[in-house]
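Residue numbers (UniProt numbering): 3 to 424.
Backbone N, C-alpha and C fix where the C-beta goes; we use that ideal spot for every residue, glycine too.
Okay, structure first, notes after.
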Amino acid sequence: MDAISVIRTKRDRGELSDEQIDWVIDAYTRGEVADEQMSALAMAILINGMNRREIARWTAAMIASGERMDFASLSRPTADKHSTGGVGDKITLPLAPLVAACGAAVPQLSGRGLGHTGGTLDKLESIPGWRALLSNEEMLSVLDGTGAVICAAGDGLAPADKKLYALRDVTGTVEAIPLIASSIMSKKIAEGTGSLILDVKVGTGAFMKTIEDARELASTMVGLGTDHGVRTVALLTDMSTPLGRTAGNALEVRESVEVLAGGGPSDVVELTLALAREMLDAAGVRDADPAKALADGSAMDVWRRMITAQGGDPDATLPVAREQHVVKASASGVLTRLDAYGIGVAAWRLGAGRARKEDPVQAGAGVEMHAKPGDPVTEGQPLLTLHTDTPERFEYALQSIEGSYDIAAAGTDFTASPVVLE
Ligand code: URA
């Protein structure tokens, strides 16, 4: 077998055989297939697609490239959630302890932000002392002891995906449904969760801009999970507007703690509860009431124990950016649009995200939103507050905010998009 014949098959719109797929994934993981050859194959897949058999085999080969975890020793059923990524998407932070407080175990392997979408690990690292990197034994011990763990995937889990994802990121080949589905599901299946809820984002701030593409991605991932014995359910949720009222790292931790304290923005609470109910249902935990676990402090108790178990101080003061800039409403009326992509790019440019994988992020940087679509606004009132340690970034961030919101005359008929679309 050789890489060139595999590339030619897909370039010429052929179907890759099981043998070709197994060989190319294994040889790439071992360094025998070069990055430039894998880039060419990824581009051919992006352009010509893969059928369900090819995607299933590709996913299985990525799983087989590394180790598989096993949670059989736990006394509780496991449930995990994966979001395809968005702006202000801090849901994992309140959700994992909430579901644990209701009786399931939540092994949440999370990622870092890249580009305009935030990453759960970057957010949590703004808590002084908190560690994302745990050994498999530490991960199991936190999970067993507290019911939830949020950490980075170890190097041994689907190493083929680790290499391929980094390559796709710099070769314009991220946005291919077969590659996204196999990338996400290989990690989740190798992780060993019994059930998985997929939060597939749709809208300007998401990878999937249309509901049709989101449906295809969701059904591909549900099929892969189900075939591997993981109870998998997908929700399609709105990402045309940022979630909550903050986009940034420490800013979003603060907002998540508000949700755990029984308050917080209504869209974040609604999505957290919707996903919690799906996770508990898929894990077979009946008679739990997630709304009660938020109100009575039991989810907060798990949060505090989980953060402490990973070296963090849940009572520590969170970092605040050194400089602020207020964007004022340009007119009076009703806010009818606040674009997730524009706000996400602004937060990224302020320092909340990174341009290259090795870049550091600023814990305090980001965007605070003082109004959301449907809210009345008065000319001159603060609409957004931008936060950064490096004020020379304000101008660049402001460019992405220009054109990112609309204010209509008071009394204009307006209905906000539902949070859960399907
Ligand atoms: N997240 C992943 O893990 N992989 C992708 O390809 C896209 C988002």
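- Here DSSP, grouped into helix, strand and coil, assigns residue 320 to coil.
- Between residue 412 and the set 7, 424 and 338, the nearest pair of CA atoms involves 338.
- In the DSSP assignment, residue 219 falls outside any beta strand (DSSP E) and lies within the alpha helix (DSSP H) extending over 213 to 229.
- Within the same chain, Cβ atoms closer than 6 Å to the Cβ of residue 133 are found at 312 and 313, the five residues on either side in sequence being excluded.
- C-alpha of residue 408 to C-alpha of residue 373: approximately 12 Å in a straight line.
- Annotation: residue 103 to residue 241 spans about 28 Å, alpha carbon to alpha carbon.
- Along the length of the stretch 313 to 357, whole beta strand (DSSP E) runs at least 3 residues long occupy 325 to 330 and 335 to 340, reported in chain order.
- Burial is judged here by how many other beta carbons sit within 10 angstroms of a residue's own beta carbon; residue 268 has fewer than 16 and is exposed.
- Residue 230 is not a Cβ neighbour of residue 182, given a cutoff of 8 Å.
- Chain-ordered, the residues whose CB falls short of 5 Å from any heavy atom of the ligand URA come out as 182, 185 and 186.
- Within the stretch 373 to 419, the complete beta strand (DSSP E) runs of at least 3 residues fall at 384 to 390 and 407 to 410.
- Each residue's CA atom was taken as its position, placing residue 84 and residue 154 some 13 Å apart.
- Taking a cut-off of 8 Å on C-beta distances, the stretch 109 to 122 does not touch the stretch 212 to 230, as fewer than three cross pairs fall below it.
- Put simply, the backbone Cα of residue 422 is about 17 Å away from that of residue 218.
- In the structure shown, the three-state DSSP call for residue 107 is strand.
- The three-state secondary structure of residue 163, taken from DSSP, is helix.
- Cα atoms of residue 277 and residue 395: separation of roughly 36 Å, rounded to the nearest angstrom.
- Under the three-state reduction of DSSP output, residue 371 falls in the strand class.
- In summary, residue 7 is exposed, with fewer than 16 beta-carbon neighbours lying within 10 Å of its beta-carbon over all protein chains present.
- In the DSSP secondary-structure assignment, residue 249 is bridged to 369.
- Shortest Cα-Cα distance from residue 387 to any of 157, 213, 331 and 170 involves 331.
- In the three-state reduction of the DSSP assignment, residue 210 falls in the strand class.
- Assigned with DSSP and collapsed to three states, residue 67 falls in coil, not helix or strand.
- With distances taken between CA atoms, residue 223 lies nearest to 185 out of 185, 254 and 251.
- Boundaries of the beta strand (DSSP E) harbouring residue 85: 81 to 85, taken from the DSSP string.
- In the three-state reduction of the DSSP assignment, residue 201 falls in the strand class.
- Taking a C-beta distance under 8 Å as the contact criterion, residue 112 and residue 122 qualify as a contact pair.
- By the criterion of at least three beta-carbon pairs nearer than 8 Å, the stretch 247 to 256 is in contact with the stretch 345 to 354.
- In this model, residue 62 and residue 410 are separated by some 51 Å (Cα to Cα).
- When DSSP assignments are scanned along the stretch 17 to 54, no uninterrupted stretch of beta strand (DSSP E) that is 3 or more residues long falls wholly within it.
- Partner residues in the beta bridge of residue 422, as assigned by DSSP, are 239.
- Residue 60 and residue 163 have their C-alpha atoms spaced approximately 10 Å apart.
- In the three-state DSSP reduction, residue 263 falls in the coil class, being neither helix nor strand.
- About 6 Å separates the CB atoms of residue 282 and residue 101; that is less than 8 Å, so the two are in contact.
- In the DSSP assignment, residue 93 falls outside any beta strand (DSSP E) and carries neither an H nor an E.
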